[in-house]
Amino acid sequence: METVALTLYYGEFMNKGPGSELAGRVRWLGHHTDPSEADQFTATNFIDGDSWLPSTGIPYTST
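For the sequence shown, full-length UniProt numbering gives the first residue as 1, with consecutive numbering after it.
Here it is as structure tokens:
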């Protein structure tokens with residue numbers, strides 16, 4: 001388990017609702033909450049959503 005904890009990347013951003021409060025949580029080295037890091041995981045950047053999502057008819061707003 002120690003190796004897993006050292007290599008984990010767990011990102012979260014703007015969570016809401018029960019359980020979203022960070023207080024009292026495990027403090028993993030791989031836990032990321034920085035908004036600038038979250039940007040790389042938006043549909044726009046992570047899956048190049050701007051180039052194909054609009055043509056699917058799925059509601060999508062570019063970031």
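Using N, Cα and C, we set each Cβ at its ideal position, and we do this for glycine too. Given the structure is predicted, the values throughout are model-derived calculations rather than measurements.
Checklist entry - Taking Cβ to Cβ, would you say G30 is nearer than 8 Å to Y9? => result yes
Checklist entry - What residues in its chain sit with their C-beta under 7 Å from that of G11, if we drop five residues either side in the sequence? => result H32, E37, A38, F41
Next on the checklist: Using CA atoms only, rank isn't needed, just tell me which of D34, A5, L53 is closest to F13.
Outcome noted: Comparing alpha-carbon positions, the option among D34, A5, L53 lying closest to F13 turns out to be D34.
Checklist entry - Is DSSP giving G19 helix, strand or coil here? => result Residue state, collapsed to three classes: coil.
Checklist entry - Considering S62, what are the terminal residues of the alpha helix (DSSP H) in which it resides? => result Element bounds for S62: n/a, residue is neither H nor E.
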